[in-house]
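Peer 1:
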Amino acid sequence: AIVAARTKIVEGAVGMVEMALEMLSRKDIVHLDEEKKAAMVSNLMVVLCGEKGAQPILNTGTLYQ
125 AIVAARTKIV
135 EGAVGMVEMA
145 LEMLSRKDIV
155 HLDEEKKAAM
165 VSNLMVVLCG
175 EKGAQPILNT
185 GTLYQ
């Protein structure tokens, strides 16, 4: 039962991430290269599937340092 519930959570999170990426692109809100897109997907999946609350972290540099 726990595995089935976790599967549903992940499926829902993947759908939400897909929707977010598609909407950002369609509405021309932000242009993400593949590396930034991967970072965004990773961060969203951690937040949406994590068992504990997320802690915000400020990045003072860039992804390209």
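Those letters in the sequence shown? Residues 125 to 189, per this note's numbering, in order.
A virtual CB, placed ideally from N, CA and C, is assigned to each residue, including glycine.
Please read all numbers here as calculations on a predicted model, not as lab measurements.
In or out: Val141 buried (at least 16 other Cβ within 10 Å) or exposed?
Peer 2: Buried, since its Cβ has 16 or more Cβ neighbours within 10 Å.
Peer 1: How would you write the range of the alpha helix (DSSP H) that Ile133 sits in, first residue to last?
Peer 2: First-last of the alpha helix (DSSP H) with Ile133: 126-150.
Peer 1: Look up Lys176 in the DSSP assignment and say whether it is helix, strand or coil.
Peer 2: Three-state DSSP puts Lys176 in coil, outside helix and strand.
Peer 1: At the level of alpha carbons, what is the spacing between Leu172 and Gln179?
Peer 2: Cα to Cα, Leu172 sits roughly 13 Å from Gln179.
Peer 1: Measure the Cβ-Cβ separation of Met169 and Val138 and say whether it is below 9 Å.
Peer 2: Yes, Cβ-Cβ distance for Met169 and Val138 is below 9 Å.
Peer 1: In three-state terms, what does DSSP make of Asn183?
Peer 2: The answer is coil: DSSP assigns Asn183 none of H, G, I, E or B.
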